[in-house]
Amino acid sequence: MAISAVQEQRDIIINTIRNITRGNWKILVVDQASKKLLENAVPEDDILNQNVANIEVLEDPLREKSPDIDAIYFLTPEPHIVDTVAADLERGSYRSGFLLWTSLLDPPLRRRLESSPAYRAMVVGFDTIPLDFFPRESHLVTFRDPWSFPVLYHPACNNLVTEHMRILAQRIMSVCVTLGELPRVRYYSPKNPTHEASVLSKYLARFVSEELENYAGFNRNFPPHSSRPPSVLVITDRSMDLMAPLVHEFTYQAMAHDLLPIDEREKVLYHMTINEGTPLQEEKDMELQDNDKVWVDNRHRHMKDTIDKLMGDFQKFLDKNPHFAKEGAESSTNLNVIRDMLAGLPQFQEMKEIYSLHLTMAQECMNRFQHNKLPDIASVEQTLATGLDEDYRRPRNVLEEVVRLLDDDAISPSDRLRLIIIYVLYRDGLILEDIKRLLAHASLPPRDGDIVTNLELLGARPLRGLKEARTPPPPLFPPENKNGPVNEEYALSRFEPVLKRLLEDLCKGTLDQSTFPYVNPPADPNEELIAAQGGSLRAGRPNWAAAGRRPPENRQRVFVYMAGGATYSESRSCYDVSSRLGRDIFLITSHMLTPALFLRQVSDLSADKRRLDLPMDRPKPRVPAHLLERDSRPAPSGPAPPQQQQQPQTQGRNPLPPGPGGLPSGQRMGGARPPPGGGGGGLPSRPVAPPTGAMGSMTLSSGGRTGGMPPVTSSLATEPAPAAEVGGKKHNKLEKKKRNFLGIKK
Numbered sequence: 001m002a003i004s005a006v007q008e009q010r011d012i013i014i015n016t017i018r019n020i021t022r023g024n025w026k027i028l029v030v031d032q033a034s035k036k037l038l039e040n041a042v043p044e045d046d047i048l049n050q051n052v053a054n055i056e057v058l059e060d061p062l063r064e065k066s067p068d069i070d071a072i073y074f075l076t077p078e079p080h081i082v083d084t085v086a087a088d089l090e091r092g093s094y095r096s097g098f099l100l101w102t103s104l105l106d107p108p109l110r111r112r113l114e115s116s117p118a119y120r121a122m123v124v125g126f127d128t129i130p131l132d133f134f135p136r137e138s139h140l141v142t143f144r145d146p147w148s149f150p151v152l153y154h155p156a157c158n159n160l161v162t163e164h165m166r167i168l169a170q171r172i173m174s175v176c177v178t179l180g181e182l183p184r185v186r187y188y189s190p191k192n193p194t195h196e197a198s199v200l201s202k203y204l205a206r207f208v209s210e211e212l213e214n215y216a217g218f219n220r221n222f223p224p225h226s227s228r229p230p231s232v233l234v235i236t237d238r239s240m241d242l243m244a245p246l247v248h249e250f251t252y253q254a255m256a257h258d259l260l261p262i263d264e265r266e267k268v269l270y271h272m273t274i275n276e277g278t279p280l281q282e283e284k285d286m287e288l289q290d291n292d293k294v295w296v297d298n299r300h301r302h303m304k305d306t307i308d309k310l311m312g313d314f315q316k317f318l319d320k321n322p323h324f325a326k327e328g329a330e331s332s333t334n335l336n337v338i339r340d341m342l343a344g345l346p347q348f349q350e351m352k353e354i355y356s357l358h359l360t361m362a363q364e365c366m367n368r369f370q371h372n373k374l375p376d377i378a379s380v381e382q383t384l385a386t387g388l389d390e391d392y393r394r395p396r397n398v399l400e401e402v403v404r405l406l407d408d409d410a411i412s413p414s415d416r417l418r419l420i421i422i423y424v425l426y427r428d429g430l431i432l433e434d435i436k437r438l439l440a441h442a443s444l445p446p447r448d449g450d451i452v453t454n455l456e457l458l459g460a461r462p463l464r465g466l467k468e469a470r471t472p473p474p475p476l477f478p479p480e481n482k483n484g485p486v487n488e489e490y491a492l493s494r495f496e497p498v499l500k501r502l503l504e505d506l507c508k509g510t511l512d513q514s515t516f517p518y519v520n521p522p523a524d525p526n527e528e529l530i531a532a533q534g535g536s537l538r539a540g541r542p543n544w545a546a547a548g549r550r551p552p553e554n555r556q557r558v559f560v561y562m563a564g565g566a567t568y569s570e571s572r573s574c575y576d577v578s579s580r581l582g583r584d585i586f587l588i589t590s591h592m593l594t595p596a597l598f599l600r601q602v603s604d605l606s607a608d609k610r611r612l613d614l615p616m617d618r619p620k621p622r623v624p625a626h627l628l629e630r631d632s633r634p635a636p637s638g639p640a641p642p643q644q645q646q647q648p649q650t651q652g653r654n655p656l657p658p659g660p661g662g663l664p665s666g667q668r669m670g671g672a673r674p675p676p677g678g679g680g681g682g683l684p685s686r687p688v689a690p691p692t693g694a695m696g697s698m699t700l701s702s703g704g705r706t707g708g709m710p711p712v713t714s715s716l717a718t719e720p721a722p723a724a725e726v727g728g729k730k731h732n733k734l735e736k737k738k739r740n741f742l743g744i745k746k
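Under the UniProt record's numbering, residues 1 to 746 are what the sequence shown spells out, in order.
So this is what it looks like as structure tokens:
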């Protein structure tokens, strides 16, 4: 069975809870943050079926005491959560408590917690399971942290970078641990960088490497034995590819997220009307997720192929069920006819809703594709992004094509802005007056110039002097040679993200070690080739392409962390290379970027930091007042009886085999069990240095709290607090050019 980060996280949570309950009924107590993690990973019924009587929220003022039942606390290691759980223990809400943390609890916080008399009396177990991340697809993991972008790149966030990188490192480590891998760490080191944030990947890679080493040092059974080639983790950042978030992509998933109003805050939802025109018509939020096989099967297809597949699959259904076809109805060869037919299939509600969802989304994408003249825009975009025309020759008269599109009222303002930025990147910068002319010609506000010039903070060179001589930087990966013109239907999809070429070279064992060095180089310099050739150097020639024939369980696992957000085209590239070259490639990122979000976040890099509303600048959460109120009822004098006090030890990703499960005798409770006891403007001449400028003076022992992961073991309440923190570190010139009527250099 193919590996899935979603399934792996789910299994760890379920097995950990099962090993603690051991057939005895318990309450599961979560905080607001861990609740979101749990909801993303495990269906509620799956948790309740592990002898969990109810799931309660720690901060809920309506939560009642249940002093006759034990509790499992599933918690995030934040200071206010530590104080809140201490107050809850003092209150005697439950008979005893087993504390589970989603990542490392700072030793000072642990000592503070263990100093509480209630802790010593009530807590029967303490464990850490590193799970602080949100698997979104089988091979796509996010941290739901869009604020990571301004923290890493905004000039005023210097004081936040070190702590943020420490958090990122622990989360990346958690993903690797969950999948049972101790990867070698590589990072993006750009040649001749012009921006201060060029060191971002280097320092983050060091922090991640140290987190992994500390975890392995404290957990002797990690990583588990495997016949797979050694895994690799590549740390890179958004500056490696600025075209990918801007170019229109016409595969289903990327196109839908670009053009449609999809809610991506927690679940990925599309709001639509189902059973339209019938008495059963209703508004509904439909989720796009891995359990939707139609979505999984089509999300990376070109939109043309997606529509053909959807219509073909539905026609097969009609062939098998001819009695559902309306008499005299026209052939089901267009999307509107198929949607009307679906409205008359109440017997197949689930299938009907899924196909209605995707047919509706596909039709709406194509409507906007035509209405917004995306074929015309994309034709020019592809030439600018690749540097070659459809015949793979150097383009001519590109500026005239750009200006023509900027004159077209049918082109949306956001698409005009994207086109201008892509042109600036293609030209490796323009003089400031030329950028202003383009914006004015496109009827865009002058403040949009901030977005163009802010790209300097991401490694671009958007501005140049009037007579400045500039040699364009060589591409990170040389363009591939193509023979003959591309198929007309796919001419608008010639651009591929840089990440795809990176992964292809990595899987072939040819990734440049000067641009992507190791944190700790392998002792065997041929290790890359060994992994690329399936584990042996005795082969007379490289056979990396044959890797696709390996059994899934023996495939090398590759992790990529994209700091600053990743695009859906990059996610597609990971799946594509995985399939072709026989690897399991996992894309990890702080958040997923749409073109609109990317433009907004780049614009914010010149905004006043106070306007960004960063979570770390908000007032710190405090213990809920109701937990600090005196209670006239006495708290329990001690923990549970001995037979219920000793809880099994859970070891990271390898929990013990499940204990005796099942429900106790009597009526089975369905659903959620009730508790037993009752119910900026202007064009700056040059942006300020970004916060990552401070990275140059970072050391692994500077500032911040201690890193690393302590032993993942259970500790009884009687154990002393650790005497010291673990692993102190921290994350811490030329002839005058002809001009056209706009006065812009050609």
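For every residue, glycine included, the Cβ atom is placed at its ideal position computed from N, Cα and C.
Within the segment 398–437, the alpha helix (DSSP H) runs of at least 4 residues that lie entirely inside it are, in chain order, 398–406 and 413–426.
Taking C-beta separations shorter than 8 angstroms and ignoring five residues to either side along the sequence, the partners of V380 in its chain run V398, E401, V402, L405 and L419, following chain order. Under the three-state reduction of DSSP, S573 is assigned to helix. Secondary structure of H300 (DSSP, three-state): coil. The beta-bridge partner set that DSSP reports for V52 consists of K26. Linking N554 to P229 through their CA atoms gives a straight-line distance of about 8 angstroms. Beta-bridge partners assigned by DSSP to K202: none are found. Around the beta carbon of K26, 16 or more other beta carbons sit within 10 angstroms, so the residue counts as buried. Nearest neighbour of T142 by Cα position, chosen from L627, D613, L593 and L605, turns out to be L593.
Only exposed fits E433, as fewer than 16 other CB atoms lie within 10 angstroms of its CB. Shown here for L105: same chain residues with a beta carbon closer than 6 angstroms to its own, the five before and five after excluded, namely P77 in chain order.
Following the DSSP letters along the chain, one finds L75 inside the beta strand (DSSP E) bounded by residues D70 to L75. The Cβ atoms of F74 and S34 lie closer than 7 angstroms to each other. With 16 or more neighbouring CB atoms inside 10 Å of its own CB, T21 falls in the buried class. In the three-state reduction of the DSSP assignment, V124 falls in the strand class.
By DSSP's assignment, A197 forms no beta bridge with any residue. The DSSP-derived three-state label of I3 is coil.
In the assembly as shown, E210 is a buried residue. Its beta-carbon has 16 or more other beta-carbons within 10 Å.
T251 is a Cβ neighbour of H302, given a cutoff of 7 angstroms. In the three-state DSSP reduction, K508 falls in the helix class (H, G or I).
In chain order, P497 and V498 place their CB closer than 6 angstroms to the CB of D241, counting only its own chain and leaving out the 5 sequence neighbours on each side. In the DSSP secondary-structure assignment, K284 is bridged to M272. When DSSP reads this structure, A566 sits in a beta bridge with M592. For R186, there is no enclosing alpha helix (DSSP H); the residue is found in the beta strand (DSSP E) stretching over R184 to Y187. Counting the other CB atoms within 10 Å of its CB gives E181 a total of 16 or more, which places it among the buried residues.
Rounded to whole angstroms, the gap between the alpha carbons of E213 and R206 is 11 angstroms.
Taking the Cβ atoms as the reference, L131 lies roughly 7 angstroms from L37, within the contact range of under 8 angstroms. Look at V452 here: in three-state DSSP terms it is helix. In terms of CA proximity to L614, V151 leads the group K267, R144 and V151. Distance check between P621 and each of F516, M272, K65 and D83 places D83 closest, using alpha-carbon atoms only. Taking a contact to require three or more Cβ pairs closer than 8 angstroms, the segment 579–592 and the segment 153–165 do not qualify as touching. Considering only D285, P79, T102 and D407, the residue with the shortest C-alpha distance to P108 is P79.
When the alpha-carbon of E480 is set against those of L466, P472 and F495, the nearest one is in F495.
For F134, the enclosing beta strand (DSSP E) stretches over residues F134 to E137. The residue from P521, E629 and A469 with its alpha-carbon nearest to that of R186 is P521. Going by beta carbons, R470 and A442 fall outside the 7 angstroms limit.
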